[in-house]
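Going down the list, the sequences are from chains A and B.
The first sequence lines up with residues 142 to 442 when you count with my numbering.
The second sequence lines up with residues 142 to 442 when you count with my numbering.
We treat Cβ as the ideally placed atom computed from N, Cα and C, and that holds for glycine.
If you're wondering where the values come from, they're calculated on a predicted model, not measured in any experiment.
Number of protein chains: 2
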Amino acid sequence: MTARIDTTVILGLGLIGGSLARALKARGFSARVIGHGHREASLARGVELGVIDDYTMDLNAALEGADVVVVATPTLVAAGMLERILPLYAGREEAMPVITDVASVKGNLQRAAQGAWGGRMPPRLVLGHPIAGSERSGVEASRADLFRNHRVILTPDADNEPAAVQLVRDMWLATGAEVVDMSVASHDAVLAATSHLPHMLAYALVDALAQSPASDDIFRFAAGGFRDFTRIASSDPVMWRDIAIANREAVLATIDQFSGHLAALRKAVDTQDAEGMLQTFSRAKAARDEFAAMLEARQRN
Amino acid sequence: MTARIDTTVILGLGLIGGSLARALKARGFSARVIGHGHREASLARGVELGVIDDYTMDLNAALEGADVVVVATPTLVAAGMLERILPLYAGREEAMPVITDVASVKGNLQRAAQGAWGGRMPPRLVLGHPIAGSERSGVEASRADLFRNHRVILTPDADNEPAAVQLVRDMWLATGAEVVDMSVASHDAVLAATSHLPHMLAYALVDALAQSPASDDIFRFAAGGFRDFTRIASSDPVMWRDIAIANREAVLATIDQFSGHLAALRKAVDTQDAEGMLQTFSRAKAARDEFAAMLEARQRN
Numbered sequence: 142m143t144a145r146i147d148t149t150v151i152l153g154l155g156l157i158g159g160s161l162a163r164a165l166k167a168r169g170f171s172a173r174v175i176g177h178g179h180r181e182a183s184l185a186r187g188v189e190l191g192v193i194d195d196y197t198m199d200l201n202a203a204l205e206g207a208d209v210v211v212v213a214t215p216t217l218v219a220a221g222m223l224e225r226i227l228p229l230y231a232g233r234e235e236a237m238p239v240i241t242d243v244a245s246v247k248g249n250l251q252r253a254a255q256g257a258w259g260g261r262m263p264p265r266l267v268l269g270h271p272i273a274g275s276e277r278s279g280v281e282a283s284r285a286d287l288f289r290n291h292r293v294i295l296t297p298d299a300d301n302e303p304a305a306v307q308l309v310r311d312m313w314l315a316t317g318a319e320v321v322d323m324s325v326a327s328h329d330a331v332l333a334a335t336s337h338l339p340h341m342l343a344y345a346l347v348d349a350l351a352q353s354p355a356s357d358d359i360f361r362f363a364a365g366g367f368r369d370f371t372r373i374a375s376s377d378p379v380m381w382r383d384i385a386i387a388n389r390e391a392v393l394a395t396i397d398q399f400s401g402h403l404a405a406l407r408k409a410v411d412t413q414d415a416e417g418m419l420q421t422f423s424r425a426k427a428a429r430d431e432f433a434a435m436l437e438a439r440q441r442n
Numbered sequence: 142m143t144a145r146i147d148t149t150v151i152l153g154l155g156l157i158g159g160s161l162a163r164a165l166k167a168r169g170f171s172a173r174v175i176g177h178g179h180r181e182a183s184l185a186r187g188v189e190l191g192v193i194d195d196y197t198m199d200l201n202a203a204l205e206g207a208d209v210v211v212v213a214t215p216t217l218v219a220a221g222m223l224e225r226i227l228p229l230y231a232g233r234e235e236a237m238p239v240i241t242d243v244a245s246v247k248g249n250l251q252r253a254a255q256g257a258w259g260g261r262m263p264p265r266l267v268l269g270h271p272i273a274g275s276e277r278s279g280v281e282a283s284r285a286d287l288f289r290n291h292r293v294i295l296t297p298d299a300d301n302e303p304a305a306v307q308l309v310r311d312m313w314l315a316t317g318a319e320v321v322d323m324s325v326a327s328h329d330a331v332l333a334a335t336s337h338l339p340h341m342l343a344y345a346l347v348d349a350l351a352q353s354p355a356s357d358d359i360f361r362f363a364a365g366g367f368r369d370f371t372r373i374a375s376s377d378p379v380m381w382r383d384i385a386i387a388n389r390e391a392v393l394a395t396i397d398q399f400s401g402h403l404a405a406l407r408k409a410v411d412t413q414d415a416e417g418m419l420q421t422f423s424r425a426k427a428a429r430d431e432f433a434a435m436l437e438a439r440q441r442n
């Protein structure tokens, strides 16, 4: 089997970067996968585990000879990486490898890239976001099948080279993922609604209860439903601070939309509007049951 | 083995009533368990499954000879049942069996009982609430071990006969539950915080997203975290409408408390207050991790 490309470079070898490295090697998409980061122990462990073939802590050396560069650092660090990398190819864009990323927000990276590239998107920078994760983190937790049957959203730009978009698409298809295109604005709005807003609600709820005078009793009598509802409040605070900063506008918009609906429901409770409550709860149950059935069907495939 | 009491009557043979009947028979607490309800097919099925020994659709016949009566109907129906039953014992409280219930809200039942008993609590009416449930419902789903290692909250009143409280406590201990006493107000506040508020938030969130113009995309790209967070929005709308009506004041108070915290978090997102967000998220994560560890330790026992 001939590999599709020769060298993939992963910048940031955590759960996502490590799992992508494993998948690309396992599926023969890339002949070599090189890691780059600032924690040598983690990179050396990546070689030891067979996640990557080699590593370097020198960014210029990492970029040298790369066919595809995947920025797999935390969200806010990714913007800084693009601001460091893109100027290296100013005036010689034909030397630029295909660059992509895995961050949870796309708008801030688009702005960073356009800022570093004269107001346009670099033709070979294709932003992307695999909708996959795990409660665990780090290269030790990486798995070649992390993306199988998961969605990867790409946000190709009119300025992108079609061949660059195709290569990033092929890379994700090789991991077993389903690849979907969206605009940057749609991506950030959809992720704000389905992921960023729920995290804000879960954090706000648990913090509110923890600060309540009755918090001991509250947590003593909470049960399984509360555990499921608050699971995402156990997520990494730094990661979510960064996402809230990176996706500020969309997060604010979804909080406001939600707050409007909560205020309407509060009014129905206050006025004992039995019919209004029943309609809201029934609509929500129908939507959630449909969603759960769809997710189950997808995971059976 | 001699049974602790002769006859237990269950009013309303659903998941909770049926599971209690099974547990009391299995543990030999009650020599006979009689069911009462308005759907004969369900009662007959209860006999067929061995959940109850016999049934009647006549309330007066059911009460006749009962040592313990458990009102296991839906929340709002339970208030109406107390208003029907208590006047039957006016002027002859020594003839009243020990009466208890399983409803999710206690304040409305306390008010109903006091209203039907001259402003005091009847000495033999001991309100209670087993913190247990299942995604399934109905007598078919009943299980003798539903309450094992779960909490049951009793809200004994100064007007209660100590022997009546003890009998209800013994009944729940026989099912393998842990019995805890609280005031009616504390019960309703704690349940509002840990159960009623999360349900309102989940319903409001899913309904807000379902009504969004982008709802197709939103549900298409939601993943496992969203499924856990919204699981409780698949709960029975009628049951939750009734709980919101029965526990109106406490639900409104927790919505307001939560809304204040959400507004503070919104402000931190708006002003990109990185330190403030990190503090909120970190406090919430610590509280939630501690809660999850506690719940896990309890379930291991």
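Proximity below 7 Å, CB of residue i to CB of residue j
| i | j | result |
| --- | --- | --- |
| A/M341 | B/L406 | yes |
| B/R289 | B/G317 | yes |
| B/P297 | B/V267 | yes |
| A/V209 | A/V239 | yes |
| A/A425 | B/Y344 | yes |
| A/G269 | A/L250 | no |
| B/Q398 | A/A409 | no |
| B/F362 | A/T335 | yes |
| B/G206 | B/T149 | no |
| A/D377 | A/T216 | no |
Proximity to residue i [Cα-Cα], best of the options
| i | options | result |
| --- | --- | --- |
| B/S400 | B/L338, B/A305, B/P215, B/T241 | B/L338 |
| A/G221 | A/T241, A/A254, A/G365, A/E431 | A/A254 |
| B/R429 | A/S245, A/F370, A/S278 | A/F370 |
| B/P346 | A/V347, A/A333, A/D348 | Per the sequence shown, residue 346 of chain B should be read as Leu rather than Pro. Selected option, being the one with the closest Cα: A/A333. |
| B/P263 | B/T241, B/A415, B/I272 | B/T241 |
| A/V246 | A/E390, A/A404, A/S423 | A/E390 |
| A/W258 | A/P228, A/G274, A/R233 | A/P228 |
| A/Q420 | B/R372, B/A404, B/W381 | B/W381 |
| B/R186 | B/L156, B/T149, B/A172 | B/L156 |
| A/D202 | A/H402, A/R441, A/G178, A/I359 | Residue 202 of chain A is actually Ala in this sequence, not Asp. It is A/G178 whose Cα lies nearest to the Cα of A/A202. |
| A/L200 | A/A305, A/A330, A/L223 | A/L223 |
| A/G274 | B/I396, B/G365, B/L393, B/S160 | B/G365 |
| B/H291 | B/A304, B/L393, B/A315, B/G232 | B/A315 |
| B/A282 | B/G256, B/A438, B/L190 | B/L190 |
| B/V392 | B/A219, B/G417, B/A326, B/R439 | B/A326 |
Neighbourhood of residue i by C-beta distance below 7 Å, restricted to the same chain and skipping five residues each side
| i | result |
| --- | --- |
| B/R252 | none |
| A/N301 | M262, P264, V267 |
| B/E181 | M198 |
Beta-carbon contacts of residue i that lie in its chain and below 6 Å, excluding the five residues immediately before and after
| i | result |
| --- | --- |
| B/P151 | The question names Pro, yet the displayed sequence has Ile at residue 151 of chain B. Within the same chain, B/I151 has close Cβ partners G158, A162, G176, V211, A213. |
| B/A167 | A285 |
| B/I386 | none |
| B/T395 | A333, A334, L338 |
Contacts of residue i in chain A (Cβ-Cβ under 7 Å)
| i | result |
| --- | --- |
| B/D369 | D369, R372 |
| B/T421 | Y344, D348 |
| B/T335 | I359, F362, A363, F367 |
Amino acids of chain B, ordered along the chain, whose beta-carbon sits closer than 8 Å to that of residue i
| i | result |
| --- | --- |
| A/I272 | F362, A364 |
| A/L287 | Here the premise fails: no neighbours, minimum Cβ distance about 12 Å. |
| A/S327 | A355, D358 |
Residues that residue i contacts on chain A, provided the C-beta gap is smaller than 8 Å
| i | result |
| --- | --- |
| B/W381 | M418, F422 |
| B/I157 | By Cβ distance, chain A contributes nothing, its closest Cβ being about 14 Å from B/I157, past 8 Å. |
| B/V218 | The contacting residues do not exist; B/V218 stays about 14 Å from chain A at best. |
Partner residues on chain B for residue i, Cβ-Cβ distance less than 7 Å
| i | result |
| --- | --- |
| A/F399 | A345, L346, A349 |
| A/H402 | A345, D348, A349 |
| A/I386 | Q413, A415 |
| A/F170 | Residues of chain B passing the Cβ test: none, with the nearest at roughly 24 Å. |
| A/R341 | The sequence shown places Met at residue 341 of chain A, rather than the Arg named in the question. Those are L406, listed as they occur along chain B. |
| A/D430 | S375 |
| A/V211 | Going along chain B, no residue has its Cβ under 7 Å from A/V211, so there is no contact; the nearest lies around 21 Å. |
Sequence-distant residues of the same chain with beta carbon closer than 8 Å to residue i, five excluded per side
| i | result |
| --- | --- |
| B/V188 | G176, D194, D195, Y196 |
| B/V309 | V209, V239, T241, V267, G269, L295 |
| A/S356 | L350 |
| B/S353 | I359 |
Expected contact under 8 Å - CB spacing of residue i and residue j to nearest Å
| i | j | result |
| --- | --- | --- |
| A/R368 | B/L287 | At roughly 18 Å, the Cβ-Cβ gap does not stay under 8 Å, so A/R368 and B/L287 are not in contact. |
| B/V443 | B/P271 | No information on residue 443 of chain B is available, as it lies outside the stretch 142 to 442 that chain B covers here. |
| A/W313 | A/V293 | 4 Å |
Contact list for residue i against chain A, beta-carbon separation under 9 Å
| i | result |
| --- | --- |
| B/V331 | A355, D358, I359, R361, F362, A363 |
| B/R163 | Going along chain A, no residue has its Cβ under 9 Å from B/R163, so there is no contact; the nearest lies around 21 Å. |
| B/A433 | R368, T371, R372, S375 |
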